[in-house]
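First to last, the protein sequences are chains F and Z. Using the numbering used here, the first residue of the first sequence is number 3, and each one after it goes up by one. Using the numbering used here, the first residue of the second sequence is number 3, and each one after it goes up by one. We put the CB at the ideal spot given by N, CA and C, even for glycine. One structure is given below, encoded as C-alpha cells.
2 protein chains.
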Amino acid sequence: MKNSLKRIFLYRACLVRLKLMGVEKVFSLTLANETGVTPDQVRKDFSEFNIRGNKRGGYYINDLLEKMEKLFHANKDNNIVLIGMGNMGLALSKYSKFVQRNMNIVATFDIDPFKQKIRSGIPVYSMSRLQEIIDRFRVKVAILAVPEISAQEVADELTRYGITGIVNFAPVLLKVTQEVIINNVNLCDELESVIYYVHKQMNANGSKNLELLYKDMKY
Amino acid sequence: MKNSLKRIFLYRACLVRLKLMGVEKVFSLTLANETGVTPDQVRKDFSEFNIRGNKRGGYYINDLLEKMEKLFHANKDNNIVLIGMGNMGLALSKYSKFVQRNMNIVATFDIDPFKQKIRSGIPVYSMSRLQEIIDRFRVKVAILAVPEISAQEVADELTRYGITGIVNFAPVLLKVTQEVIINNVNLCDELESVIYYVHKQMNANGSKNLELLYKDMKY
DNA sequence: AAATTGATGTGAAACGATTCACAAAAAACA
DNA sequence: TGTTTTTTGTGAATCGTTTCACATCAATTT
C-alpha cells in the first residue's frame, strides 16, 4: 500500500509528461514501460485506489489525472511550515516544485535571529511565533530541517500545536504519538546505500570475471 | 533485503548513540525498542548480513559497529561528485554528515560560469572537466541535483565516464543500463505522501467521530 | 449480426518479508 | 557439577505484495 502510493506518484509524473506531448489515452502497458513496472502492477495499483479504465480502450489521461488529483489533495491548498533555515532548509524554502503541486510553505522558522533576516519571499520567524502561524494558516504538515540535536524537541512542539504530518530531514527517529505521520529523508543513508550496492556489484562482477578466467583456463 | 539494509542503518545510528552514552552491550530487544521494530526482526536482519552475537550475552556494540563498518565501506574513503550547484546542490555540498561517514564530495560541477566562482571549500568546475576528475579520484558514485530537464543527459554522461551509482534528486526516472544503481529522492513525493496520509487519517477520525455521535444518539 | 481481437479487472498462485516458536548455547545460580 | 534462566539463531507459519491466468467487456472486422 505504501509502495503502490509511491508508484501512483510515478504514474502521475509520467502522465503529466505524456499529456504535455499531446497524448490523450494510455494503456497499462505504455505506463508500465515508461515507469519500469509491469502492466499488471499498474492495473492492480489503479484497482487499489478504485481507478477504473475502459475495457479495451485503456485510460484517458485527463480522467486519470483528475482522479489522482482528487485522491491526493482532498482540499485544494496545503499550507506547510518549514522549521530550520540552515543550508537544507534554505534550499527547501526555495524549491519551486512544491508550489507547482499546491503545497505552499507559508512560513519558515529558525532560532537564529540572524537567519530571521533572510528575505527570499517566504518570511522567517522566530520559534515563538510557531503556534500563532500554525493556527492562522490551519497548518497540518511540517518540514523539519533542524539539527539532529534539536529535532525531537521541535517535533514535540509541532505536534503539541496540532501538526500531524512531518517530513523529517534530521537523521533521528522521532518519537511521536501514533496518529502523527512521519516521512524520514536521510541523505547519508541514501548515499551510503548506493555505495553499498555499487561495491557489492563490483565484487560480484569481480568474481564473475574470475569465473570467466577459470572457463578460459579450462580450454 | 532493501528493507533490511535500511534497518541496518537505523540500528547503526542507534548503536553510535548508545556507545556515546557509554553503553557497551545491547540485546536485540533494546535495539528493537529504540528503532521501533521487533527483536526478531533485528536478529533476522543481523542474520541476513551474517552478523552474529553471543547467545544469552547479546551483542557488543563495538563489535557490531566494526562489522557494519566493514560491511558498508569495503574500501575506506568514498569519493563522490556532485552535479548541479543550484539551491539543493549547494546545500548538499555543505552537508557535513557525509564527511563524518567517510563520503567525500571531491568536486562539484555546474554549467553556469557564475556558480563556478562559489568558494565554500569544495571546488566548482565546469562540466567539461567531469571526466578528468572522475578518473583522477576514481569516483564511482555521483549526486545528481540538476534541473529535471537535463537530468537524463547528465546521467548519460556520468555513466559514460564510469559512474555506477547515482543519488538522483531530479523528479525523473532515469534510464540507465542495468548495472547502474539509482536511488531517487523525490522531495515533492515525500511531502505529498505525508499530506495524503494526514488527510486520510483526518477522514478516518472524522467518521469515527460520526460513529461516536451515532452511539450517543442511541442513548 | 456474428466472430475476432485486444484491452481491463480480479481471483488464484507464487513469491517475499515478517512474525512465531523453539532448539541451542552461554551465563548465573544452587 | 547440575539446574535454571535468558538470549540468540533459525526453520516454520503467517501475512502481504506481486505476478499469473483468464473471464469480461468493448471495439473492430467480416
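| Check | Outcome |
| --- | --- |
| Between the C-alpha atoms of residue 37/Z and residue 57/F, what's the straight-line distance to the nearest angstrom? | 46 angstroms |
| Is there at least one Cβ from chain F nearer than 8 angstroms to residue 169/Z's Cβ? | yes |
| Along the beta strand (DSSP E) that carries residue 37/F, what are the first and last residues, could you check? | Premise fails: residue 37/F lies in the alpha helix (DSSP H), 30 to 37, not in any beta strand (DSSP E). |
| Going by the beta-carbon positions, is the gap between residue 194/F and residue 105/Z smaller than 8 angstroms? | yes |
| What residue does the alpha helix (DSSP H) around residue 5/Z start on, and which one ends it? | 4 to 22 |
| If we cut at 8 angstroms on Cβ distances, does residue 203/Z have a partner in chain F? | yes |
| Verify the contact flag: residue 198/F, CB atom, against every heavy atom of the ligand FMN, threshold strictly below 7 angstroms. | As presented, the structure is devoid of all ligands, the ligand FMN included, so that no description of it is given. |
| Where do the N-terminal and C-terminal ends of the beta strand (DSSP E) with residue 111/F fall, by residue? | 105 to 111 |
| Is residue 124/Z helix, strand or coil by DSSP? | strand |
| Name the residues in the segment 131 to 143 of chain F whose C-beta lies less than 9 angstroms from a C-beta of chain Z; which are they? | 142, 143 |
| Does any C-beta atom of chain Z lie closer than 8 angstroms to the C-beta of residue 198/F? | yes |
| Taking residue 141/F and residue 108/F to be in contact with their CB atoms under 8 angstroms, please state how far apart those CB atoms are, rounded to whole angstroms. | 7 angstroms |
| Assign residue 18/Z to buried or exposed, taking buried as 16 or more other Cβ atoms, counted over all protein chains shown, within 10 Å of its Cβ. | exposed |
| For the segment 58 to 75 of chain Z and the segment 84 to 101 of chain Z, state whether three or more C-beta atom pairs, one from each stretch, are separated by less than 8 angstroms. | no |
| Going along chain F, which residues have a C-beta under 8 angstroms from residue 80/Z? | 197 |
| Report the residue from 147/Z, 184/Z, 174/Z whose alpha carbon sits nearest the alpha carbon of residue 161/Z. | 184/Z |
| By the 10 Å Cβ neighbour count, where 16 or more other Cβ atoms means buried, how is residue 134/F classified, buried or exposed? | exposed |
| Taking only runs that begin and end inside the segment 65 to 100 of chain F, name each unbroken beta strand (DSSP E) of 3 or more residues, in chain order. | 80 to 85 |
| Using a Cβ-Cβ distance cut-off of 8 angstroms, determine whether residue 103/F contacts chain Z. | yes |
| Name the residue from 9/Z, 78/Z, 24/Z whose alpha carbon lies nearest to the alpha carbon of residue 50/Z. | 9/Z |
| What are the start and end residues of each continuous beta strand (DSSP E) run of 3 or more residues lying completely inside the segment 121 to 165 of chain F, in chain order? | 143 to 146 |
| Nearest-angstrom Cα distance between residue 136/Z and residue 164/Z? | 8 angstroms |
| Using the Cα positions of residue 28/F and residue 173/Z, report the straight-line distance between them to the nearest angstrom. | 21 angstroms |
| Just reading off the alpha helix (DSSP H) that residue 44/Z is part of, what are its end residues? | 41 to 50 |
| Do you know offhand how far residue 223/Z's Cα is from residue 68/Z's? | The question about residue 223/Z has no answer here: the residues shown for chain Z are numbered 3 through 221. |
| Look at residue 200/F and residue 167/Z and say whether their C-beta atoms are less than 8 angstroms apart. | yes |
| In three-state DSSP terms, what is residue 119/F? | helix |
| Return the chain-ordered list of same chain residues with a C-beta closer than 8 angstroms to the C-beta of residue 187/F, the five sequence neighbours on each side being excluded. | 169, 170, 171 |
| When you compare the CB positions of residue 80/Z and residue 113/F, do they come within less than 8 angstroms of one another, or not? | no |
| Which two residues bound the contiguous beta strand (DSSP E) that contains residue 167/Z? | 167 to 170 |
| Out of 116/Z, 143/Z, 181/Z, 12/Z, state which residue places its alpha-carbon closest to the alpha-carbon of residue 35/Z. | 12/Z |
| What does the alpha-carbon distance come out to for the pair residue 181/Z and residue 84/F? | 37 angstroms |
| Could you tell me which of 99/F, 92/F, 96/F sits nearest to residue 117/F, measuring between CA atoms? | 92/F |
| When DSSP builds the beta bridges, which residues end up paired with residue 56/F? | 60/F |
| Tell me, which residues are paired with residue 185/Z by DSSP? | 169/Z |
| Run through chain Z and tell me which residues come within less than 9 angstroms of residue 175/F, C-beta to C-beta. | 12, 15, 16, 36, 37, 38 |
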